[in-house]
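Peer 1: In our numbering, the protein residues as written are 37 to 154.
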DNA sequence: AGCATGACGCCTA
DNA sequence: ATAGGCGCCATGC
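The following block contains the structure:
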């Protein structure tokens, strides 16, 4: 059975971004969340890549703690949105995030799960 | 229209 | 645990 798919809709995309930002804003300091977890919490686990896009398009002056978003292995995203390759790691360490010896976030300790109903 | 790319993730070997 | 392949979906050329 073929899976129903929504048609591309700019308004839906904007709404999607808003929901991503709203969810990321709920991540407490010292905790992290993954792209896949965000997509799942928003009701579509397949949109993990779009979560990344949404964060990529964050406007200036946003109050979204995007540095608390990592991939499912706990890897950081690099310099993309943080102006400096170590910026994201610095922010996370300042919040008490523990890193493994290979440079990944210790997800077992810091992964945050959003409450239901989001 | 086709093809490549990407702040991703799952499956398989 | 690691590496490669593939699916996903929005974007850009």
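A virtual CB, placed ideally from N, CA and C, is assigned to each residue, including glycine.
(1) Should residue 39 go down as buried or exposed, given a rule of 16 or more other Cβ atoms within 10 Å for buried?
(2) State the Cα-Cα distance for the pair residue 146 and residue 122, rounded to the nearest angstrom.
(3) Given this structure, state the Cα-to-Cα distance separating residue 150 from residue 62, to the nearest angstrom.
(4) On the criterion of 16 or more Cβ atoms from any shown chain inside 10 Å, does residue 104 qualify as buried, or is it exposed?
(5) Would you kindly work out how many angstroms separate the C-alpha atoms of residue 130 and residue 148, rounded to a whole number?
(6) Taking the continuous alpha helix (DSSP H) assigned at residue 129, which residues delimit it?
(7) To the nearest angstrom, report how far apart residue 139 and residue 107 are at their CA atoms.
(8) Answer yes or no: do residue 84 and residue 92 have a C-beta to C-beta separation smaller than 8 Å?
(9) Mind checking residue 136: buried by the 16 CB within 10 Å criterion, or exposed?
(10) Using CA coordinates, which residue listed in 77, 68 and 113 is at the minimum distance from residue 101?
(11) Would DSSP call residue 133 helix, strand or coil?
Peer 2: Straight from the coordinates:
(1) Model confidence at residue 39 stands at a pLDDT of 42, short of 50, so the residue's coordinates are unreliable; what they give is reported in the following sentence. Result: exposed.
(2) If I take the Cα positions, the gap works out to 19 Å.
(3) Answer to the nearest angstrom: the Cα atoms are 8 Å apart.
(4) So residue 104 counts as buried.
(5) Rounded to whole angstroms, residue 130 to residue 148 spans 17 Å at the Cα level.
(6) Boundaries of the alpha helix (DSSP H) harbouring residue 129: 123-130, taken from the DSSP string.
(7) Cα to Cα, the separation comes out at about 13 Å.
(8) Not in contact: residue 84 and residue 92 (Cβ atoms no closer than 8 Å).
(9) With fewer than 16 Cβ atoms within 10 Å of its Cβ, residue 136 is classed as exposed.
(10) Relative to the Cα of residue 101, the nearest Cα in the group 77, 68 and 113 belongs to 68.
(11) In the three-state reduction of the DSSP assignment, residue 133 falls in the coil class.
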